[in-house]
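Numbers 431 to 702, taken from my numbering, label the letters of the sequence shown in order.
Think of the CB as a built atom: it goes at the ideal place given N, C-alpha and C, for glycine as much as any other residue.
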Amino acid sequence: MPAPRTVLLTGAAGGLGTLMRDLLPAYGYELRLLDVAPVAGAPDAIRADLGDREALRAAVRGVDAIIHLAGISLEASFADILKANIEGTYNLYEAARQEGVERVVFASSNHAVGFTPRPDDDAPRVSVDTRHRPDTFYGLSKCFGEDLAQLYWDKHGLETVSVRIGSCFPEPTSVRMLSLWLSPGDCARLLDAALTAADVGHTVVYGSSANTRAWWDLSSARALGYEPRDDSEPYAAKLLAAEGALDPANPDHARLGGHFCTNPPTWRSDLA
Ligand code: NAI
Ligand code: 15L
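Given below as structure tokens:
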């Protein structure tokens with residue numbers, strides 16, 4: 431596949447979409463933006479719901495690749511997750527297949543494997559080959575997205591890099607995020623690697639920075655050419671002083687998915 435130039439960015443109005451709209455053009459991409467919500471400062475953005483198949487076909491027509499961020503990004507009712515994340519992602523893949531788009535970068539999540547116990551400090555980092563252990567209907571929809579990507583590669587030759595994003599925000603805001611943080615700059619580097627690496631088939635990678643307290647094995651991301659530059663450690667002293675260290679006896683702390691694993695999830699606005 432020649433290096434992609436025109437890229438459809440779904441979810442362009444969201445937190446991550448807004449960060450990537452700023453950073454990706456420097457890599458030479460021309461972004462076509464899509465969201466169901468208005469995209470601030472982008473009057474040409476396509477306003478469409480992932481349920482609108484005709485709009486999706488028109489949106490993907492002529493692009494070299496798609497970065498698929500749109501959807502519900504936290505836990506919600508199964509009905510809502512089914513519509514936006516499961517049917518919506520299927521609709522987008524069908525549109526991509528019909529219009530001959532060659533590659534998708536799919537925003538999966540750490541919550542696809544959220545029930546995996548977090549590794550002790552001296553234990554091996556968690557591999558991308560660990561089995562799916564979703565912690566929510568939201569995480570389940572990311573497992574579906576990864577399997578859909580595998581099906582579209584095996585059956586239709588449509589390539590995907592599924593990025594199990596940790597926590598991509600301007601800075602980490604909890605002790606858990608010290609392990610999962612993906613700085614916006616590293617996110618752009620990872621998306622660029624995922625768009626340009628040759629022959630990815632369907633590749634699953636973890637999306638985090640080079641964090642001192644990392645839980646994940648980044649080797650499949652590095653194999654695409656990703657070289658993270660950031661580390662959450664400069665934020666550690668302040669966050670540890672505020673929260674204390676993670677306590678293995680606390681169910682919120684024992685698993686990769688953190689507070690998404692408890693029932694009901696113990697939502698905290700600073701972690702949303
Ligand atoms: P966000 O909630 O800020 O943005 C999601 C965007 O998708 C919103 O602008 C929303 O309007 C749009 N959207 C929702 N349903 C839609 C529909 N049916 N049709 C069209 N657009 C729709 O989420 P954020 O943080 O920007 O995340 C982006 C993606 O990355 C999501 O798929 C999320 O699951 C994933 N992700 C993000 C992480 C993070 O740390 N920010 C961590 C792991 C995964
Ligand atoms: C996610 O998947 C969410 O989309 C994001 O808002 C954060 O909560 C992140 O995971 C996390 O686990 O910190």
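| Item | Value |
| --- | --- |
| Give the secondary structure of D465 by DSSP, where H, G and I count as helix, E and B as strand, and everything else as coil. | strand |
| Along the chain, where does the alpha helix (DSSP H) that runs through E505 open and close? | Looking at the DSSP string, E505 is not in any alpha helix (DSSP H), and its letter there is neither H nor E. |
| Are the beta-carbon atoms of G615 and R659 separated by less than 8 Å? | yes |
| Cβ atoms of T633 and V394: under 8 Å apart, would you say? | In this structure the chain extends from 431 to 702, so residue 394 is not present and cannot be described. |
| Rounded to whole angstroms, what's the CA-CA distance from D465 to M431? Just pull it up for me. | 27 Å |
| Below 8 Å, can you find three or more Cβ-Cβ pairs linking the stretch 539-558 to the stretch 461-475? | no |
| Could you spell out where the beta strand (DSSP E) holding E524 opens and where it closes? | First-last for E524: G518 to E529, but that is the alpha helix (DSSP H), not the beta strand (DSSP E). |
| Could you give the residue range of the beta strand (DSSP E) that holds E589? | E589 to I595 |
| Quick one: what does DSSP say Y568 is sitting in, helix, strand or coil? | helix |
| Return the chain-ordered list of same chain residues with a C-beta closer than 8 Å to the C-beta of Y523, the five sequence neighbours on each side being excluded. | V534, L578, A579, Y582 and L588 |
| Rounded to a whole number of angstroms, what is the C-alpha to C-alpha distance between E460 and A478? | 19 Å |
| Please confirm if the stretch 600-612 is in contact with the stretch 433-444, defined as three or more CB-CB distances below 8 Å between the two stretches. | no |
| For W611, which residues from the same chain have a beta carbon less than 7 Å from its beta carbon, with the 5 sequence-adjacent residues on both sides left out? | G596, S597, P602, S638, S639, N641 and S662 |
| So the alpha helix (DSSP H) T448 belongs to, where does it begin and stop? | G445 to L453 |
| Between which two residues does the alpha helix (DSSP H) carrying S650 extend? | S649 to A653 |
| Okay, do the stretch 511-523 and the stretch 480-487 touch, 3+ Cβ pairs below 8 Å being the bar? | yes |
| Measure the CB-CB distance between G575 and F536 and report whether it falls below 8 Å. | yes |
| Just to check my reading of the structure: L686 and R548 have Cβ atoms closer than 8 Å, yes? What is that Cβ distance to the nearest angstrom? | 5 Å |
| I need the straight-line Cα distance from G674 to W646, nearest angstrom please. | 22 Å |
| Closest to Y457 by CA distance: which of Y636, C617 and A671 is it? | C617 |
| Hey, how far is the Cα of A672 from the Cα of A666? | 10 Å |
| Look up F536 in the DSSP assignment and give the residues it is bridged to. | H498 and S592 |
| Around the Cβ of G447, are there at least 16 other Cβ atoms within 10 angstroms (buried) or fewer (exposed)? | buried |
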